[in-house]
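Enquirer: Just dropping this structure here.
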Amino acid sequence: MKVFAFRIEQSIILSAKGEESLSFYTGCKVSENWVQDCGIDFNDKQQVFEWFKIAFSPWITQRQELFSGNIIWCIPCPQYHFPLHQTWPTLPNLTLLGDASHRMPPYAGEGVNQAMQDAFELAENLTNDGFPDIQTAIAHYEKKNTGKSFIGN
Ligand SMILES: Cc1cc2nc3c(=O)[nH]c(=O)nc-3n(C[C@H](O)[C@H](O)[C@H](O)COP(=O)(O)OP(=O)(O)OC[C@H]3O[C@@H](n4cnc5c(N)ncnc54)[C@H](O)[C@@H]3O)c2cc1C
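Numbering (my numbering), first residue to last: 1 to 153.
Printed below as a string of structure tokens:
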């Protein structure tokens, strides 16, 4: 069971795990060095809870139970991704799959499938007879999956 809740620049996602535990993520847009600069000790759950109550105050108060439990670990995970305008020439011996080649937030619930689909399509290209050489096979995969590569300089 999963619950996804979004509001402007904030999210809360709950996942019920098979062994009856609950994991949850919050997402929010902050300045780049916020984890270092915010003054919160993320090992101190009370400090994290106090931050959550203020930062997520417009959310319904039942959500606060998530942070007030006794057995919680909070791990700040800054998210970055490569520039969207980036392009590269196809190489004959190197390519990108999965998160390295797609803009994929952890809570889309699709990253693993996307990575496996990439691997499947690349393997298809490398093993079928439709391409004259490996570079062309990789170029076809990259073009379809990233739209960002090209053959040549
Ligand atoms: C908190 C969280 C929850 C998520 N939940 C879901 C979910 O419910 N469903 C879903 O589909 N996806 C989920 N994802 C996304 C999913 O985990 C990724 O999309 C997926 O793992 C991408 O696979 P990948 O092989 O591209 O990269 P990764 O799984 O990140 O694999 C890359 C590997 O390369 C290794 N590596 C990095 N640098 C080097 C180096 N220099 N030398 C050697 N090895 C290196 C890393 O250690 C890692 O093992 C979640 C992600 C996060 C962070």
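Positions of the beta carbon are idealized from the N, C-alpha and C atoms, including for glycine.
Only a predicted model underlies this, so the values are computations on that prediction, with no experimental measurement involved.
Nearest-angstrom Cα distance between G39 and E32?
Expert: So the alpha carbons of these two residues sit roughly 14 angstroms apart.
Enquirer: Taking the C-alpha atoms as reference points, what is the distance between H43 and C77?
Expert: The residue you asked about is not His; residue 43 is Asn in the sequence shown. If you take the alpha carbons of N43 and C77, they lie about 14 angstroms apart.
Enquirer: On a CA-only basis, which of E65, V112, A100, N145 is nearest F82? Give me that one, please.
Expert: Closest by alpha carbon: A100.
Enquirer: Would you check if the region 103 to 118 and the region 9 to 27 touch, i.e. whether three or more CB-CB distances between them fall below 8 angstroms?
Expert: They touch, by the three-pair rule.
Enquirer: With distances taken Cα to Cα, identify the nearest neighbour of S21 among G98, W88, I8, K2.
Expert: Of G98, W88, I8, K2, the residue nearest in Cα terms is K2.
Enquirer: Would the C-beta of P106 count as close to ligand 1, meaning under 7 angstroms from any of its heavy atoms?
Expert: Yes, Cβ of P106 sits closer than 7 angstroms to a heavy atom of ligand 1.
Enquirer: Just reading off the alpha helix (DSSP H) that G27 is part of, what are its end residues?
Expert: No alpha helix (DSSP H) holds G27; the beta strand (DSSP E) holding it covers 22 to 28.
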